[in-house]
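> My questions all concern the structure below.
There are 2 protein chains.
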Amino acid sequence: MRTMSQPVGLPVLAESDLVRQVARRLTDAIVQGRLPPGAKVAEAAVARELGISRAPVREAARLLESQGLLMASPRRGFFVRELSARDVDELYALRLCVERHAAVEAARRLTPETRAALRRQLDLMRDLARRDDPATIVEADYQFHRLICEAAGNARLLRLFDGLASELRIVIGLIGRLYDDPDEIARTHEPVLAAIEAGHPERIVAHVDHHIGVARREVVRLLESLTPQGPPPRNETSETP
Amino acid sequence: MRTMSQPVGLPVLAESDLVRQVARRLTDAIVQGRLPPGAKVAEAAVARELGISRAPVREAARLLESQGLLMASPRRGFFVRELSARDVDELYALRLCVERHAAVEAARRLTPETRAALRRQLDLMRDLARRDDPATIVEADYQFHRLICEAAGNARLLRLFDGLASELRIVIGLIGRLYDDPDEIARTHEPVLAAIEAGHPERIVAHVDHHIGVARREVVRLLESLTPQGPPPRNETSETP
DNA sequence: TAGGCGTCGATTGTCGACACTTTTGGCTTG
DNA sequence: CAAGCCAAAAGTGTCGACAATCGACGCCTA
């Protein structure tokens, strides 16, 4: 068959899929903090607001459920996942584990392009730090770490990272500004990138450990300080299949 | 509100939720190889077979989709994910990353109980190796690794492991017997457990690396040898949000 | 005879409806 | 006045239906 001269990768226009769109909207609302932890996500309300029926909303909710953003409580509906300090600690443990691997792997297969991209991102963060816009900085921070995971060349690892980051953003967005000294965010990332460029696995792991470890303790501490809140769902559904 | 004396976590009788049941059935069918990679999962057929409507089937399919077991192709339906040799390699890379962490952590908080459980599982595997029942051995193998992840005390890590294992079982089930020497499976696990009991992080990592590395090369090699097959879906949906 | 086109059947995406459960609000009662 | 109970309202779980789309088969054309 030779209908087209070449199967040149076209941009794959317009996912007609309502489910994806709803999923994305809900995700945005959650990470932006517009749907705070514990909030009920009423199908009917969402459907009404978007001018669609409940079916696509339910399916989107299922997607977000197994991504850990929502929690399904039978006969009661979906709720934005509430993260205890312990949850966040677990998430950071996984993130550490993932990013360690990602950084080492990224270093192994570092190309001039990705290296430049990382440098550029770091510069961007430095700039933003001067302008002092918390939300934007958090976003840039996320992108920097994401670039590293992308550079590891493992699509699944990237998806995993995105999942962890999404869940964490449930609370990060809540906490707001994480760094007292806005310049610190760039300073703490510099050694990580330097280690990747240098390509010493041990040094990479050490710096990643330190960098994420700091954030981890910080966030967990902050979260523990404002834990006293919670009227929400009734029980964890723990399965052991 | 205090309807019940206490919101003690009840066993949540009879999951009224059809979605979970369908999800589980589909998962079973996939890991048991009854739904082979690339197979189409027709909603109507599944619904008819289970005597229910299509809605719960669709929702279950969404769950499995974001677990990586199914792949949604818009307007075409759901298909059992096909794993290329590269996919499997990526999965093993993640598994390595996860299990390393799990084993080290398990060693750190090793209790006599979990230690006994691990020993017991290893003995079981030795027994099964003598009886030589491939399917059962694979299951026991899986359980051993799962126990380690459980012992790490991170619920999320366990879920992650389950997810990776599910995906891998898509192909493991296909390959069938992995070990020429059935006794080998017990022998290769022994050093891992020994290292965990000894509690030397470096030695643990080394043994886990070796053990999983062997399996990884083995499976990837086997899979590459029978890759020539594939009429299936049409394109990867790669998002970069 | 090989290749392209139109039509038909099958399947998906979405919707509205119905039964049942949970929640809420008010009312009764100690 | 507070606590408990009852009834109405809201929301979920599931279903069957309908339009739009995809794949396949067969026909027409070069």
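Listed in order, the protein sequences are those of chains A and B.
With my numbering, the residue at position 129 of the first sequence is 129, and numbering never jumps.
With my numbering, the residue at position 27 of the second sequence is 1027, and numbering never jumps.
Heads up, the beta-carbon is just placed ideally off N, CA and C, and yes, glycines get one too.
1. Mind checking if D1141 of chain B is an interface residue toward chain A, Cβ cutoff 9 angstroms exclusive?
2. Closest Cβ-Cβ distance between Q6 of chain A and chain B: below 9 angstroms?
3. If I measure Cβ to Cβ from Q121 of chain A and keep anything under 8 angstroms in the same chain, skipping five residues before and after, which residues do I get?
4. Beta-carbon separation of R1156 of chain B and L94 of chain A under 9 angstroms?
5. Whole angstroms is fine: what's the gap from R1216 of chain B's alpha carbon to L1168 of chain B's?
6. In this structure, how does DSSP classify A128 of chain A when only helix, strand and coil are distinguished?
7. Under a three-way DSSP split, which group does L1226 of chain B fall into?
8. Please report the distance separating the alpha-carbon of N1154 of chain B from that of E90 of chain A.
9. Show which residues of chain B have a CB atom less than 8 angstroms away from the CB atom of Q67 of chain A.
10. Where do the ends of the beta strand (DSSP E) carrying A1029 of chain B lie?
11. Using only the alpha-carbon positions, how far apart do V98 of chain A and V57 of chain A sit?
12. Measure from the alpha carbon of A1107 of chain B to the alpha carbon of each residue in B:H1200, B:G1213 and B:L1223, then state which is nearest.
13. Bridge partners of G77 of chain A, per DSSP?
14. Name the DSSP bridge partner or partners of V1219 of chain B?
15. Measuring straight from C-alpha to C-alpha, what distance separates V1031 of chain B and I1172 of chain B?
16. Does the beta carbon of A1060 of chain B sit closer than 9 angstroms to a beta carbon anywhere in chain A?
17. Considering only C-alpha positions, which residue in the set B:L1193, B:F1161 and B:A1102 is nearest to R1115 of chain B?
18. Against chain A, which members of the stretch 1090 to 1109 of chain B pass a CB distance test of less than 7 angstroms?
19. Under 7 angstroms Cβ to Cβ from L1158 of chain B, same chain only, skipping five residues before and after it: list those, please.
20. I want to check one thing, is the minimum distance from the CB of I1052 of chain B to the heavy atoms of the ligand SAH below 8 angstroms?
21. Given A1047 of chain B, which residues of its chain have a CB within under 7 angstroms of its CB, disregarding the five upstream and five downstream residues?
22. If you measure between the beta carbons of A23 of chain A and L63 of chain A, is that distance less than 9 angstroms?
23. Could you name the residues of chain B that R156 of chain A contacts, counting a contact when the two beta carbons are closer than 7 angstroms?
24. In the structure shown, what three-state DSSP assignment does E1239 of chain B receive?
25. Please list, in chain order, all residues of the same chain as K1040 of chain B whose beta carbon is under 7 angstroms from its beta carbon, the five residues on each side excluded.
26. At least one CB of chain B closer than 9 angstroms to the CB of D209 of chain A: is that the case?
27. What does the alpha-carbon distance come out to for the pair L128 of chain A and I185 of chain A?
28. Would a check of beta-carbon distances place V1019 of chain B closer than 9 angstroms to chain A?
29. For P37 of chain A, report the span of its alpha helix (DSSP H) as first-last.
30. From this set, A:P112, A:V138 and A:L26, which residue's C-alpha is nearest L124 of chain A's C-alpha?
31. Can you check whether the CB of A1117 of chain B is closer than 9 angstroms to the CB of I1204 of chain B?
32. Distance, Cα to Cα, V1219 of chain B vs P1134 of chain B?
33. Does the Cβ-Cβ distance between E65 of chain A and G38 of chain A come in under 9 angstroms?
34. CB-CB under 8 angstroms to G1163 of chain B, same chain, minus the five flanking residues each way: which ones, in chain order?
35. Would you decide whether R1210 of chain B is buried or exposed? Buried here means 16 or more other CB atoms lie within 10 Å of its CB.
Looking at the atomic coordinates:
1. no
2. The pLDDT assigned to Q6 of chain A is 41, lower than 50, so where the model puts this residue is not dependable; a value taken from the coordinates is nonetheless given after this. For Q6 of chain A, the answer is no, since every Cβ of chain B falls outside 9 angstroms of its Cβ.
3. A140, Q143, F144 and L147
4. The answer is yes: Cβ separation under 9 angstroms.
5. 11 angstroms
6. Reading off the sequence, residue 128 of chain A comes out as Leu, not Ala. Helix.
7. coil
8. 6 angstroms
9. S1066
10. Run containing A1029 of chain B: none in the beta strand (DSSP E); it sits in the alpha helix (DSSP H), L1018 to V1031.
11. 31 angstroms
12. B:H1200
13. A:S73
14. Its beta-bridge partners do not exist; DSSP assigns none.
15. 8 angstroms
16. Answer yes: the Cβ-Cβ gap between A1060 of chain B and chain A drops below 9 angstroms somewhere.
17. B:L1193
18. E1090, L1091, A1093, L1094, C1097, V1098 and H1101
19. C1149 and E1150
20. With respect to the ligand SAH, the structure shown offers nothing to examine, as it has no ligands at all.
21. S1053, R1054 and V1057
22. yes
23. E1090, L1091 and L1094
24. With a pLDDT of only 32 at E1239 of chain B, under 50, the local geometry of the prediction cannot be trusted, and the value read off the model is given with reservation. Coil, per DSSP.
25. So the qualifying residues of the chain are G1077 and F1079.
26. no
27. Just so you know, the alpha carbons of L128 of chain A and I185 of chain A end up roughly 10 angstroms apart.
28. yes
29. Taken as a continuous stretch (DSSP letters only), P37 of chain A belongs to no alpha helix (DSSP H), as it is neither H nor E.
30. A:V138
31. no
32. 15 angstroms
33. Not closer than 9 angstroms, so no.
34. Q1067 and G1068
35. The question names Arg, but residue 1210 of chain B is His in the sequence shown. It is exposed - the Cβ of H1210 of chain B has fewer than 16 other Cβ atoms within 10 Å.
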